[in-house]
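Trainee: In our numbering, each number is its position in the sequence shown, counted from 1, plus 144. Just so it is clear, CB atoms sit at the ideal spot from N, CA and C, and this is done for glycine as well. Everything numeric in this text was worked out from a predicted model, so none of it was measured.
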Amino acid sequence: MTEVRHNWTTEEISEIYYSPLLDLVYRAATIHRENKDYAEVQISSLISIKTGGCPEDCAYCPQAARYNTGVDVHAMMPKEVVVAAAQKAKAGGASRLCMGAAWREVRDNRDFDKVIDMVKAVNEMEMEVCCTLGMLTESQAQRLADAGLYAYNHNLDTSEEDYKRIITTRSYDERLQTLEHVRKAHITVCSGGIIGLGETDADRISMLKTLSNLPQHPESVPINALVPVKGTPLADQPRVSIWDMVRMIATTKIVMPKSVVRLSAGRTEMSTVEQAFCFMAGANSIFAGEKLLTTPNPSFSDDMAMLELLGLKPREAFKNGRPGKKLEEVVAS
Ligand code: SAM
Ligand code: DTB
Ligand code: SF4
Numbered sequence: 145m146t147e148v149r150h151n152w153t154t155e156e157i158s159e160i161y162y163s164p165l166l167d168l169v170y171r172a173a174t175i176h177r178e179n180k181d182y183a184e185v186q187i188s189s190l191i192s193i194k195t196g197g198c199p200e201d202c203a204y205c206p207q208a209a210r211y212n213t214g215v216d217v218h219a220m221m222p223k224e225v226v227v228a229a230a231q232k233a234k235a236g237g238a239s240r241l242c243m244g245a246a247w248r249e250v251r252d253n254r255d256f257d258k259v260i261d262m263v264k265a266v267n268e269m270e271m272e273v274c275c276t277l278g279m280l281t282e283s284q285a286q287r288l289a290d291a292g293l294y295a296y297n298h299n300l301d302t303s304e305e306d307y308k309r310i311i312t313t314r315s316y317d318e319r320l321q322t323l324e325h326v327r328k329a330h331i332t333v334c335s336g337g338i339i340g341l342g343e344t345d346a347d348r349i350s351m352l353k354t355l356s357n358l359p360q361h362p363e364s365v366p367i368n369a370l371v372p373v374k375g376t377p378l379a380d381q382p383r384v385s386i387w388d389m390v391r392m393i394a395t396t397k398i399v400m401p402k403s404v405v406r407l408s409a410g411r412t413e414m415s416t417v418e419q420a421f422c423f424m425a426g427a428n429s430i431f432a433g434e435k436l437l438t439t440p441n442p443s444f445s446d447d448m449a450m451l452e453l454l455g456l457k458p459r460e461a462f463k464n465g466r467p468g469k470k471l472e473e474v475v476a477s
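1. Just to confirm the assignment: which complete alpha helix (DSSP H) runs, minimum length 4, are found wholly within the stretch 321-400?
2. Mind checking which residues open and close the alpha helix (DSSP H) that includes Tyr170?
3. Among residues of its own chain, excluding the 5 on either side of Thr281, which ones have a beta-carbon nearer than 7 angstroms to its beta-carbon?
4. For a test of the three-state rule: what should DSSP assign to Ser477, helix, strand or coil?
5. Output yes or no for whether 8 angstroms exceeds the beta carbon distance between Asp255 and Lys223.
6. From Ser163 to Leu355, what distance separates their C-alpha atoms?
7. To the nearest whole angstrom, what separates the beta carbons of Arg459 and Gln186, a pair I think is in contact under 8 angstroms?
8. Within 7 angstroms: the Cβ of Cys274 and any heavy atom of ligand 1?
9. Looking at ligand 2, does it come within less than 7 angstroms of Ala229, judged from the CB to the closest heavy atom?
10. Assign Arg210 to one of three DSSP states: helix, strand, or coil.
11. Tell me the rounded alpha-carbon separation between Gln360 and Gly278.
12. As an exercise, report each continuous alpha helix (DSSP H) stretch of at least 4 residues that is fully enclosed by the stretch 289-319, in chain order.
13. For a minimum of 4 consecutive residues, which ranges assigned as the alpha helix (DSSP H) are wholly contained in the stretch 426-473?
14. Any heavy atom of ligand 2 closer than 7 angstroms to the beta-carbon of Cys242?
15. Say whether chain D places a C-beta atom closer than 8 angstroms to the C-beta of His325.
16. Ala245 by DSSP, collapsed to three states: which one?
17. Does the beta-carbon of Leu280, which I'm using as the reference point, lie nearer than 7 angstroms to any heavy atom of ligand 1?
18. CA-CA distance, Met392 and Gly410?
19. With burial defined as no fewer than 16 other Cβ atoms inside 10 Å of the residue's Cβ, what is the status of Lys397: buried or exposed?
20. Considering only heavy atoms of ligand 3, list every residue whose Cβ is less than 5 angstroms from one of them, following chain order.
21. When DSSP labels each residue in this structure, what does Thr276 get in the three-state scheme?
22. Once the 5 residues before and after Thr195 are set aside, which same chain residues still bring their CB inside 8 angstroms of it?
23. Leaving out the 5 sequence neighbours to the left and right, which residues in its chain are closer than 7 angstroms to Gly197 when beta-carbon positions are compared?
24. Less than 7 angstroms separating the Cβ of Gly336 from some heavy atom of ligand 2?
25. Tell me which residue opens and which closes the alpha helix (DSSP H) that Glu156 is part of.
26. Taking buried to mean at least 16 other C-beta atoms within 10 Å of its own C-beta, is Ser415 buried or exposed?
27. Compute the Euclidean distance between the alpha carbons of Val474 and Asp447, then round it to the nearest angstrom.
28. Give the DSSP-derived three-state secondary structure of Thr195 in the structure shown.
29. Determine the DSSP secondary structure at Val215, reduced to helix, strand or coil.
30. Please list the terminal residues of the continuous alpha helix (DSSP H) segment that includes Val417.
31. Between which residues of its own chain and Lys374 is the CB-CB distance below 8 angstroms, once the five residues before and five after are set aside?
32. One question on the structure: do Glu343 and Thr376 come within less than 8 angstroms of each other, judged by their Cβ atoms?
33. What distance in whole Å lies between the Cβ atoms of Val365 and Ser335, which are believed to be in contact at a cut-off of 8 angstroms?
Structure follows, in structure tokens:
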């Protein structure tokens, strides 16, 4: 069994990242196949519960108020709409619903009370509930945990060295602090990044070093390919090559062998063959449903057909325990 390590050096990760592509894929695939459930794919569906108007300046994001992206700005959604979306996602094969809000941080106000109600409602539907709401305090994380939150998504996005080029309105340390608050509340951690921002290979390696040297690895690591959106500073970035995506996914799997690696944004630009390569390289999760937060994504039916073709099947909810019970004992240690 591959050992879970928390002391990876830059040299070690670089050696993996730069190894010949097929050697790299073979090594990651071998580690992935140590898991008896390797043919299962965890499926999350995203819903944007509060869209646009965000005060942050994340250079990739269509929801930042300061960029003119034409995104459909809307206030907090009613709970009924979220529940209906959860039902549709469950029927489409998703075991997890991830609710996203274009906030810098959570405030202790009525909107947060509404999110708490949504978390309770979706949890009662036998789906894993995830939120991505920006920065959280310890007590806010605890409130989410008490409501039954399964996972919290909070990406590092790029390396610490590259961070200021992409976001100036918050620090890398603030990002890491929220991850600590989530851990303390025994909510599982979902944290990864984006490639194609104009970062270097060294930045990708550095981000993986930070993630893999956390006291506990994130249970899910989303690897997003930038979706360049008109109006954002990164609108003219070229699409990342599939080989960069495969290289990043495989390296992530090798340094965090027990974590679920999610082939995240960018799939509409990828063929089935390209996605199959990502699954071979250790990805075992996707976002499904026609929309990510504001941009398009393949439909549930197209994804189900792809999984069927590849001999993969959707993972059931709560295979790794339930919130408040076994979660703290499970997966990535
Ligand atoms: N506002 C919260 C935050 O920033 O944590 C939650 C929502 S935010 C949209 C969630 C994540 O979506 C970001 O951290 C980023 O990794 C990803 N994301 C946003 N825009 C993207 C884009 N154009 N392409 C790829 N990923 C993107
Ligand atoms: C993650 O890593 N990717 C998702 C989710 N976590 C929240 C978001 C992708 C957003 C892509 C751009 C959009 O649709 O707005
Ligand atoms: Fe706001 Fe999150 Fe978009 Fe940054 S990534 S602008 S914090 S919604």
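Mentor: This is what the structure holds:
1. Fully enclosed alpha helix (DSSP H) runs of 4 or longer: 345-356 and 386-399.
2. For the purposes of this step, residue 170 is identified with residue 26 of the sequence shown, where counting begins at 1. Counting along the chain, the alpha helix (DSSP H) containing Tyr170 begins and ends at Leu165 to His176.
3. By 1-based counting over the sequence shown, the position of residue 281 is 137. Contacts found: His325.
4. Within the sequence shown, numbered from 1, the residue matching residue 477 stands at position 333. With a pLDDT of only 44 at Ser477, under the threshold of 50, the placement of this residue in the model should not be trusted; the figure read from the coordinates follows. Three-state DSSP puts Ser477 in coil, outside helix and strand.
5. Indexing the sequence shown from 1 puts residue 255 at position 111. Indexing the sequence shown from 1 puts residue 223 at position 79. Their beta carbons are not under 8 angstroms apart, which means Asp255 does not touch Lys223 by this criterion.
6. The residue given as residue 163 occupies position 19 in the sequence shown. The residue given as residue 355 occupies position 211 in the sequence shown. Leu355 has its alpha-carbon roughly 20 angstroms from the corresponding atom of Ser163.
7. Here residue 459 is taken as the residue at index 315 of the sequence shown, counted from 1. Here residue 186 is taken as the residue at index 42 of the sequence shown, counted from 1. Right, the Cβ-Cβ distance comes to about 5 angstroms (below 8 angstroms), so this counts as a contact.
8. Here residue 274 is taken as the residue at index 130 of the sequence shown, counted from 1. No, the beta carbon of Cys274 sits no closer than 7 angstroms to any heavy atom of ligand 1.
9. Here residue 229 refers to the residue found at position 85 of the sequence shown. Not under cutoff, so the answer is no.
10. Numbered from its first residue, the sequence shown carries residue 210 at position 66. DSSP places Arg210 in coil when its eight states are reduced to three.
11. Your numbering for residue 360 matches position 216 in the sequence shown. Your numbering for residue 278 matches position 134 in the sequence shown. In a straight line, the C-alpha of Gln360 is about 20 angstroms away from that of Gly278.
12. 307-310
13. 444-454
14. Here the question's residue 242 lines up with position 98 in the sequence shown. Cys242 Cβ: within cutoff of ligand 2.
15. Reference to chain D is not applicable here, since this structure consists of a single protein chain.
16. As a working mapping, residue 245 is identified with position 101 in the sequence shown. Correct three-state label for Ala245: strand.
17. Within the sequence shown, the letter at position 136 stands for residue 280. Flag unset: Cβ of Leu280 not near ligand 1.
18. Position 248 of the sequence shown, counted from the first residue, corresponds to residue 392. Position 266 of the sequence shown, counted from the first residue, corresponds to residue 410. Approximately 14 angstroms, taken between the alpha carbons.
19. In the sequence shown, counting from the first residue as 1, residue 397 sits at position 253. Buried: at least 16 other Cβ atoms inside 10 Å.
20. Cys198, Glu200, Cys202, Cys205, Gln207, Ala208 and Ala246
21. As a first step, residue 276 is located in the sequence shown; it is residue number 132 there, counting from the start. In the structure shown, Thr276 sits in a strand (DSSP, three-state: E or B).
22. Taking the sequence shown and counting its residues from 1, one reaches residue 195 at position 51. Contacts found: Gln207, Val215, Asp216, Val217, His218, Ala246, Leu437 and Thr438.
23. On the sequence shown, position 53 is the one that residue 197 refers to. Counting only Cβ-Cβ distances below 7 angstroms, and skipping sequence neighbours, we find Ala209, Val217 and Ala246.
24. One-based indexing of the sequence shown puts residue 336 at position 192. Yes - ligand 2 has a heavy atom lying nearer than 7 angstroms to the Cβ of Gly336.
25. The residue you call residue 156 lines up with position 12 of the sequence shown. Residues Thr154 to Tyr161.
26. As a working mapping, residue 415 is identified with position 271 in the sequence shown. Its Cβ having fewer than 16 others within 10 Å, Ser415 is exposed.
27. Translated into the one-based positions of the sequence shown, residue 474 becomes position 330. Translated into the one-based positions of the sequence shown, residue 447 becomes position 303. Confidence in Val474 is poor, its pLDDT being 47 and thus under 50, which makes the residue's placement unreliable; the coordinate value appears in the next sentence. Cα to Cα, Val474 sits roughly 28 angstroms from Asp447.
28. As a first step, residue 195 is located in the sequence shown; it is residue number 51 there, counting from the start. Thr195: strand per DSSP, three-state reduction.
29. Counted from its first residue, the sequence shown places residue 215 at position 71. Reduced to three states, the DSSP call for Val215 is coil.
30. In the sequence shown, the residue the question calls residue 417 occupies position 273. Thr416 to Met424 is the extent of the alpha helix (DSSP H) around Val417.
31. On the sequence shown, residue 374 is found 230 positions in, with the first residue counted as 1. The residues are Thr213 and Gly214.
32. Here the question's residue 343 lines up with position 199 in the sequence shown. Here the question's residue 376 lines up with position 232 in the sequence shown. Cβ atoms of Glu343 and Thr376: not closer than 8 angstroms.
33. By one-based count along the sequence shown, residue 335 stands at place 191. By one-based count along the sequence shown, residue 365 stands at place 221. That pair is a contact at about 7 angstroms.
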